[in-house]
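**Student:** Please read through the structure below; I'll follow up with questions.
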RNA sequence: GACCCUAUGGUCUAGCGGUUAGGACACUGCCCUUUCACGGCGGUAGCUCGGGUUCGAGUCCCGAUAGGGUCGCCA
């Protein structure tokens, strides 16, 4: 029987990076084994759950490329879904839970208590045969020792997590439950419930948690804890996915950057590490740079234009060839697409804002006449190409008896407003003679 | 408080009884480049501690310590 795994998030309005990693590992296992990846929405808390909150989950998974074989098609709980074992929204499965609770009640395995229904939990230690952690004997804690039974239906009639989770996993024929290690202690309850229903529990694989860089638990409030931080932060999904694969899993051959297809091929449950891992933002950023540098031209342009427009820069008024030439000079220079507006905005702005700190250093009186000489040289440069501009600048420097850098820095500042950016000669060529001369003239006015 | 999991440089990891303990990120020195990146060549830095087992222990066992998790009418 082919494995059936699921990702079962609760629509809280956020998709936690840890949840995304859990989804990824489930997806990887399904793809590796040729099994089925199911998405189930645990929206039992009707007051808190909204369609928008479900969209956050669907959008996040889609952005990562984690397609599901069964589950909702849209965020509408009553809408269409794919798969034969739905509904895939818990809010639509009340009848299933009611029937299961009835069964427990009638067999004396559950009982009413102060309006709620409690499950009669065994007092014997339960051994969890975990595929990642190994055999774990879960004994009762002191509090549980006082009363091991736990609520499965609240006094308001709503079934609780432990019950619905088990019922759904049972009825959806889940063969493996891959989830965060924070559920390990709860697993004894779930196993007891499966036994009460007279079925064999699925195989469990509890994966380590992702911690903050300081080793503390990552909560929604922490930097980088939410998927939106990456989706809106100019990251490439393939970089994030690659990074997430490297947390608690390793290809074991000293490689860091590897295509997803290869991870799918090599991924398996027993080789998952057991220790929690800290999120290393620097390493993710490095991977991001690796992927950004190798992007296909069209995707690169598209992501760039999108980043510019998000920053309020309209590129539509510029010729396509100009846009492409401009963006080409940024290739391999930026990592995050959110950096682009600040890095290449000068190509698309009428007047550039000069960095005042740099101006103090470069726009000094003795440079004024030098820049004027260079401007005149540029005015005569034809064709206005990077190679010719380099010759013009260097020979002007020689004539003036100064190093090239003396002209390079003020020119860059005049034309881009910044001290760092694309290759100077290439950027000047793209900008074109008219803009370059205009910007140099404007800068010359500014000299103190 | 009880129960459970974990422990290789700052971080992610390779290691599976005998290695000069390997790689990557970060940091750093030099080269390349008159910007910034990229790239190339170096460097600093590690087996938590204490007992066993063994000829021999990062590797196996026990304990301590530390970190994380769980004990809800949250999920």
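In this note's numbering, the protein residues as written are 28 to 475. Just so it is clear, CB atoms sit at the ideal spot from N, CA and C, and this is done for glycine as well. Quick caveat: nothing in here was measured; it's all calculated off a predicted structure.
1. At what residues does the beta strand (DSSP E) containing residue 162 begin and finish?
2. Would the segment 385-400 count as touching the segment 278-285 if we require 3 or more Cβ pairs under 8 Å?
3. Would you mind sorting residue 311 into buried or exposed? The rule is 16 or more other CB atoms within 10 Å of its CB.
4. Let me check one thing: in DSSP terms, what residues is residue 342 bridge-paired to?
5. Might you give, ordered along the chain, the residues of its own chain that have their beta carbon closer than 7 Å to the beta carbon of residue 419, omitting 5 neighbours on each side?
6. At the level of alpha carbons, what is the spacing between residue 435 and residue 316?
7. Have a look at residue 179 and residue 334 and give me their C-alpha separation to the nearest angstrom.
8. Near residue 160, what residues of its chain come up, given a Cβ to Cβ distance below 8 Å and the 5 sequence neighbours on each side ignored?
9. Quick one: what's got a C-beta closer than 8 Å to residue 473's C-beta in the same chain, skipping five residues either side?
10. Work out the CA separation of residue 164 and residue 361 for me, nearest whole Å.
11. In whole angstroms, what separates the C-alpha of residue 95 from that of residue 194?
12. What first and last residue would you give for the beta strand (DSSP E) that runs through residue 178?
13. Which whole-angstrom value is the C-beta distance of residue 140 and residue 240, which I expect to be below 8 Å?
14. Along the alpha helix (DSSP H) that carries residue 45, what are the first and last residues, could you check?
15. Taking Cβ positions, are residue 100 and residue 106 nearer each other than 8 Å?
16. Restricting to runs no shorter than 3 residues, where is the beta strand (DSSP E) found entirely within the segment 156-241?
17. Using a Cβ-Cβ cutoff of less than 6 Å, which residues in the same chain neighbour residue 413 once the five nearest sequence positions on both sides are dropped?
18. Going along the chain, which residues of its own chain have a beta-carbon closer than 7 Å to the beta-carbon of residue 293, five neighbours each way excluded?
19. Quick check on residue 262: does DSSP put it in helix, strand or coil?
20. Starting from residue 423, trace the alpha helix (DSSP H) both ways and give me its first and last residue.
21. Residue 67 by DSSP, collapsed to three states: which one?
22. State the CB to CB distance for the pair residue 200 and residue 217, rounded to an integer number of angstroms; the pair is presumed to be in contact (CB under 8 Å).
23. Taking the continuous beta strand (DSSP E) assigned at residue 139, which residues delimit it?
24. Could you tell me the alpha carbon to alpha carbon distance between residue 44 and residue 55, rounded to whole angstroms?
25. Which of helix, strand or coil does DSSP assign to residue 275?
26. Cα separation between residue 410 and residue 376?
27. Spatial neighbours of residue 66 within its chain, please: CB distance less than 6 Å, with the 5 preceding and 5 following residues excluded, ordered by chain position.
28. Can you tell me the Cβ-Cβ gap for residue 471 and residue 399, rounded? I've got them flagged as a contact below 8 Å.
29. Can you look up residue 31 in the DSSP assignment and give me helix, strand or coil?
30. Please report the distance separating the alpha-carbon of residue 229 from that of residue 63.
**Tutor:** In brief:
1. Mapped onto the first chain, residue 162 falls at position 135. Per DSSP, residue 162 belongs to the beta strand (DSSP E) from 161-165.
2. no
3. In the first chain, counting from the first residue as 1, residue 311 sits at position 284. Its Cβ being crowded by 16 or more others within 10 Å, residue 311 is buried.
4. Locating residue 342 in the first chain gives position 315, counting from the first residue. DSSP lists no partner for residue 342.
5. Position 392 of the first chain, counted from the first residue, corresponds to residue 419. So the list reads 404, 405, 408, once near-sequence residues are dropped.
6. Locating residue 435 in the first chain gives position 408, where the first residue counts as 1. Locating residue 316 in the first chain gives position 289, where the first residue counts as 1. The straight-line gap from Cα to Cα measures roughly 27 Å.
7. Numbered from its first residue, the first chain carries residue 179 at position 152. Numbered from its first residue, the first chain carries residue 334 at position 307. Distance between the alpha carbons of residue 179 and residue 334 is about 48 Å.
8. Taking the first residue of the first chain as 1, we reach residue 160 at position 133. Only 208, 211, 233, 301 meet the Cβ criterion.
9. Numbered from 1 along the first chain, position 446 holds the residue referred to as residue 473. 381, 386, 390.
10. Numbered from its first residue, the first chain carries residue 361 at position 334. Numbered from its first residue, the first chain carries residue 164 at position 137. Straight-line Cα distance between these residues: approximately 51 Å.
11. Locating residue 95 in the first chain gives position 68, counting from the first residue. Locating residue 194 in the first chain gives position 167, counting from the first residue. Using only the alpha carbons, I get a separation of about 20 Å.
12. Sequence index remark: in the first chain, residue 178 carries index 151 (1-based). Residue 178 -> beta strand (DSSP E) spans 177-180.
13. As a working note, residue 140 is residue 113 in the first chain. As a working note, residue 240 is residue 213 in the first chain. Their Cβ separation, rounded to whole angstroms, is 44 Å, which puts residue 140 and residue 240 out of contact at 8 Å.
14. Looking up residue 45 in the first chain gives position 18. Segment 44-60, the alpha helix (DSSP H) holding residue 45.
15. Working through the first chain from its first residue, we reach residue 100 at position 73. Working through the first chain from its first residue, we reach residue 106 at position 79. In contact: residue 100 and residue 106 (Cβ atoms closer than 8 Å).
16. 161-165, 177-180, 203-207, 230-234
17. For this step, residue 413 is matched to residue 386 along the first chain. Only 452, 453, 456 meet the Cβ criterion.
18. Sequence index remark: in the first chain, residue 293 carries index 266 (1-based). Around residue 293: 278.
19. Start at 1 with the first residue of the first chain, and residue 262 comes out as number 235. In the three-state reduction of the DSSP assignment, residue 262 falls in the coil class, being assigned neither a helical nor a strand state.
20. Numbered from its first residue, the first chain carries residue 423 at position 396. Annotation: the continuous alpha helix (DSSP H) that includes residue 423 extends over 413-427.
21. Mapped onto the first chain, residue 67 falls at position 40. Of the three classes helix, strand and coil, the one that applies to residue 67 here is coil, per DSSP.
22. Locating residue 200 in the first chain gives position 173, where the first residue counts as 1. Locating residue 217 in the first chain gives position 190, where the first residue counts as 1. Not really, about 16 Å apart at Cβ, beyond 8 Å.
23. Residue mapping note: residue 139 aligns to position 112 of the first chain, counting from 1. Run containing residue 139: 137-140, per the beta strand (DSSP E) assignment.
24. Taking the first chain and counting its residues from 1, one reaches residue 44 at position 17. Taking the first chain and counting its residues from 1, one reaches residue 55 at position 28. Their backbone Cα atoms lie some 16 Å apart in a straight line.
25. Position 248 of the first chain, counting from 1, holds the residue named residue 275. In the three-state scheme derived from DSSP, where H, G and I count as helix and E and B as strand, residue 275 is classed as coil.
26. Along the first chain, read from residue 1 onward, the residue named residue 410 stands at position 383. Along the first chain, read from residue 1 onward, the residue named residue 376 stands at position 349. Distance between the alpha carbons of residue 410 and residue 376 is about 24 Å.
27. As a working mapping, residue 66 is identified with position 39 in the first chain. Answer for residue 66: 34, 95, 98, listed in chain order.
28. Looking up residue 471 in the first chain gives position 444. Looking up residue 399 in the first chain gives position 372. So it is a contact: roughly 6 Å between Cβ atoms.
29. For the purposes of this step, residue 31 is taken as the residue at position 4 of the first chain. Note: residue 31 maps to strand in three-state DSSP.
30. Numbered from its first residue, the first chain carries residue 229 at position 202. Numbered from its first residue, the first chain carries residue 63 at position 36. Cα to Cα, the separation comes out at about 14 Å.
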